[in-house]
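S.K.:
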Amino acid sequence: MTKGTPSMGKRIGLKHTRCRRCGRTAFHMQQGICAACGFGRSAKIKTYSWKTHDIRRIRKL
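Just add 86 to wherever you are in the sequence shown, counting from 1, and you've got our numbering.
(1) Check residue 91 in the structure and name its three-state DSSP category.
(2) Going by beta-carbon coordinates alone, are residue 122 and residue 105 separated by less than 9 Å?
(3) Hey, out of 135, 137, 125 and 138, whose CA is closest to residue 102's CA?
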């Protein structure tokens, strides 16, 4: 199998999807943990002093 450009076209698997708590596309489907807010791992929203979060929940009608 060749490396490089032909192999790049086969990368179609999705690892992250939209998070139910923060709304960002950071929820890892296999691990079940959101990389942005920590949903699935902790009840607290993940925070750092150098980072700010915007909660962007999707309104359901």
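All C-beta atoms, glycine included, are put in the ideal place defined by N, C-alpha and C.
Only a predicted model underlies this, so the values are computations on that prediction, with no experimental measurement involved.
M.R.: The structure says:
(1) Correct three-state label for residue 91: helix.
(2) yes
(3) 125
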